[in-house]
Amino acid sequence: MSILSTILHTLMKPDFYYAVLRSATPVLFATLGAIISSAAHCSNIALEGMMLMGAFVGVVVSAFTQSAFLGLLAAMGAGLLMSLILAFFAINLKSNIIISGIALNTLASGGTIFMLYLITGEKGASTSLHSLKIPDIDIPFLDHIPVLGTILSGHNLLTYTALICVILIWVMFKYTRLGLHIIATGENEGAARSVGIDTVGIKYIALGLSGILSAMGGAFLSMGYVGLFSSGMTAGRGYTALATQAIAGSNAVIGLLVSLLFGFCASMSNYLQSTDIPLQFVKMVPYLTIVIVYTWFCASTRRKSQGKKKGRLPDEL
Numbered sequence: 005m006s007i008l009s010t011i012l013h014t015l016m017k018p019d020f021y022y023a024v025l026r027s028a029t030p031v032l033f034a035t036l037g038a039i040i041s042s043a044a045h046c047s048n049i050a051l052e053g054m055m056l057m058g059a060f061v062g063v064v065v066s067a068f069t070q071s072a073f074l075g076l077l078a079a080m081g082a083g084l085l086m087s088l089i090l091a092f093f094a095i096n097l098k099s100n101i102i103i104s105g106i107a108l109n110t111l112a113s114g115g116t117i118f119m120l121y122l123i124t125g126e127k128g129a130s131t132s133l134h135s136l137k138i139p140d141i142d143i144p145f146l147d148h149i150p151v152l153g154t155i156l157s158g159h160n161l162l163t164y165t166a167l168i169c170v171i172l173i174w175v176m177f178k179y180t181r182l183g184l185h186i187i188a189t190g191e192n193e194g195a196a197r198s199v200g201i202d203t204v205g206i207k208y209i210a211l212g213l214s215g216i217l218s219a220m221g222g223a224f225l226s227m228g229y230v231g232l233f234s235s236g237m238t239a240g241r242g243y244t245a246l247a248t249q250a251i252a253g254s255n256a257v258i259g260l261l262v263s264l265l266f267g268f269c270a271s272m273s274n275y276l277q278s279t280d281i282p283l284q285f286v287k288m289v290p291y292l293t294i295v296i297v298y299t300w301f302c303a304s305t306r307r308k309s310q311g312k313k314k315g316r317l318p319d320e321l
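Read the sequence shown against the numbering used here and you will find it ends at 321, with the numbers running on by one and no gaps.
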């Protein structure tokens, strides 16, 4: 079967679009986290490490407590703890938030392997742990609708949670005091402080929410997607979320669309592995697509900015 016919055949399958939603879920969680922290002018570079730590802690706690719910809560707590550490270093100790974020990513990368070895004696994956998975949910009535039911029903609970979070974050930025304070802090911290906004507290809250959402993305990978933890299983999704957030700005709906684009390319790359295309190139496709879209976005933004400057009258310059 040729590559083109494989692509066309894949696009006709409802299962493919089901896989798109599933592949987009972890990136969507991290993107939403990045949107909140970026809106408060706190670049959370540690998304990758928070996802990885959430994936690890969720599996371990669910295995020892035999409760997927407690595992998810522990994963969210791990993400929150890492984000508070990042906030303390960046806000209270005035360290460079980029360097601090890189340090946390490195700590999570090596720390999860070390802790996995201490707990199980294994270095690669938690195959000896009897961890639990977060359940999949069939939506009543919808699952009986041909095609649409196959695409939208039967997803993991965290997939639906991510979609609900898109709506909640959009509403938060549009209509709630917290969302407006986060935006005000991010746009002009001095002005926000002058009108009585606790900008330090707002930054802590923004980074805390960012850590919780990122950890939920990691927990989806280990407790919803594959059912175990393996070293480096986030595979750069946290870094990808930084690019998707840059494209989306503070708009959660655009963040969802860009995450779905990543999910589309990731799912297509899985199907293309059966063709003659080199496996290394196929696996690169989703990440390369986001880089290309981000480059196009930056070039388009720059052209618009230059066009506005040329259109100004001399006294406006």
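Glycine residues also receive a C-beta, built at the ideal position from the N, C-alpha and C atoms.
From a predicted model like this one, the values you see are computed outputs, not experimental measurements.
Task: Inter-residue spacing [alpha-carbon to alpha-carbon] between T69 and G128 - done: Residue mapping note: residue 69 aligns to position 65 of the sequence shown, counting from 1. Residue mapping note: residue 128 aligns to position 124 of the sequence shown, counting from 1. Cα to Cα, T69 sits roughly 22 Å from G128.
Open item on the list: I want to know whether the segment 255 to 266 touches the segment 173 to 182 - three or more CB-CB distances under 8 Å.
Closed with: yes
- [ ] State the start and end residues of the unbroken alpha helix (DSSP H) segment that holds C169.
- [x] Here residue 169 refers to the residue found at position 165 when the sequence shown is read from its first residue. C169 -> alpha helix (DSSP H) spans 161 to 179.
Open item on the list: Would the segment 52 to 64 count as touching the segment 104 to 120 if we require 3 or more Cβ pairs under 8 Å?
Closed with: yes
- [ ] Drop a sphere of 10 angstroms on the beta-carbon of I11, count the other beta-carbons inside from all chains shown, and report buried for 16 or more, exposed for fewer.
- [x] Position 7 of the sequence shown, counting from 1, holds the residue named residue 11. Counting Cβ neighbours within 10 Å, I11 comes out exposed, since fewer than 16 surround it.
TODO: Kindly provide the ranges of any alpha helix (DSSP H) runs that are 4 or more residues long and lie completely inside the segment 77 to 155, ordered along the chain.
DONE: With a minimum length of 4 residues, the continuous alpha helix (DSSP H) runs that stay inside the segment 77 to 155 are 101 to 124.
Open item on the list: Rounding to the nearest angstrom, what Cα-Cα distance links I123 and G114 in this structure?
Closed with: By 1-based counting over the sequence shown, the position of residue 123 is 119. By 1-based counting over the sequence shown, the position of residue 114 is 110. The straight-line gap from Cα to Cα measures roughly 14 Å.
Task: Unbroken stretches of the alpha helix (DSSP H), 4 residues or longer, contained in the segment 278 to 302 - done: none
Open item on the list: I'd like to confirm something about L122: is its beta-carbon nearer than 7 Å to some heavy atom of the ligand PLP, or not?
Closed with: Among the ligands in the structure shown, none appear at all, so the ligand PLP cannot be discussed.
TODO: Quick one: measure Cβ to Cβ for I155 and Y275, integer angstroms, because I've assumed they're closer than 8 Å.
DONE: Here residue 155 corresponds to residue number 151 of the sequence shown, with the count starting at 1. Here residue 275 corresponds to residue number 271 of the sequence shown, with the count starting at 1. At roughly 16 Å, the Cβ-Cβ gap does not stay under 8 Å, so I155 and Y275 are not in contact.
Task: Per DSSP, cross-strand counterpart(s) of S234 - done: For the purposes of this step, residue 234 is taken as the residue at position 230 of the sequence shown. S234 is bridged by DSSP to A129.
- [ ] Please check the pair F266 and T248, which I expect to be a contact at CB under 8 Å, by giving their CB distance rounded to whole angstroms.
- [x] In the sequence shown, counting from the first residue as 1, residue 266 sits at position 262. In the sequence shown, counting from the first residue as 1, residue 248 sits at position 244. By a beta-carbon distance limit of 8 Å, F266 contacts T248. Their separation comes to about 7 Å.
- [ ] Quick one: grab the DSSP three-state call for Q70.
- [x] Here residue 70 corresponds to residue number 66 of the sequence shown, with the count starting at 1. Note: Q70 maps to coil in three-state DSSP.
Open item on the list: As an exercise, report each continuous alpha helix (DSSP H) stretch of at least 4 residues that is fully enclosed by the segment 203 to 233, in chain order.
Closed with: 203 to 224
Task: Segment contact, 8 Å Cβ cut-off, at least three pairs: the segment 39 to 48 with the segment 200 to 218 - done: yes
TODO: Buried or exposed for L321, please, with buried defined as at least 16 other CB atoms from any protein chain shown within 10 angstroms of its CB.
DONE: For this step, residue 321 is matched to residue 317 along the sequence shown. Residue placement at L321 is flagged as unreliable, the pLDDT there being 39, under the threshold of 50; the coordinate-derived value follows with that caveat. Within a 10 Å sphere around the beta-carbon of L321 sit fewer than 16 other beta-carbons, which makes this residue exposed.
Open item on the list: Measuring straight from C-alpha to C-alpha, what distance separates M227 and F73?
Closed with: As a working note, residue 227 is residue 223 in the sequence shown. As a working note, residue 73 is residue 69 in the sequence shown. Those two C-alpha atoms are separated by around 10 Å.
Open item on the list: Among T14, L264, G105, Y243, whose alpha-carbon lies nearest the alpha-carbon of A166?
Closed with: To locate residue 166, count along the sequence shown from 1; it is residue 162. Selected option, being the one with the closest Cα: L264.
Open item on the list: Between which two residues does the alpha helix (DSSP H) holding V199 run?
Closed with: Looking up residue 199 in the sequence shown gives position 195. Per DSSP, V199 belongs to no alpha helix (DSSP H) and is neither H nor E.
- [ ] Quick one: using the 10 Å Cβ neighbour count with 16 as the cut-off for buried, is C302 buried or exposed?
- [x] As a first step, residue 302 must be located in the sequence shown, where it is residue number 298. Exposed.
TODO: May I ask you to report which of helix, strand or coil DSSP gives H13?
DONE: The count along the sequence shown starts at 1 and reaches residue 13 at position 9. H13: helix per DSSP, three-state reduction.
- [ ] May I ask you to report which of helix, strand or coil DSSP gives S157?
- [x] In the sequence shown, the residue the question calls residue 157 occupies position 153. Looking at S157 - three-state DSSP - the assignment turns out to be coil, as it is neither helix nor strand.
TODO: Using 10 angstroms around the beta-carbon of I168, count the other beta-carbons present and answer buried if the total reaches 16, otherwise exposed.
DONE: In the sequence shown, the residue the question calls residue 168 occupies position 164. Exposed, by the Cβ-count rule.
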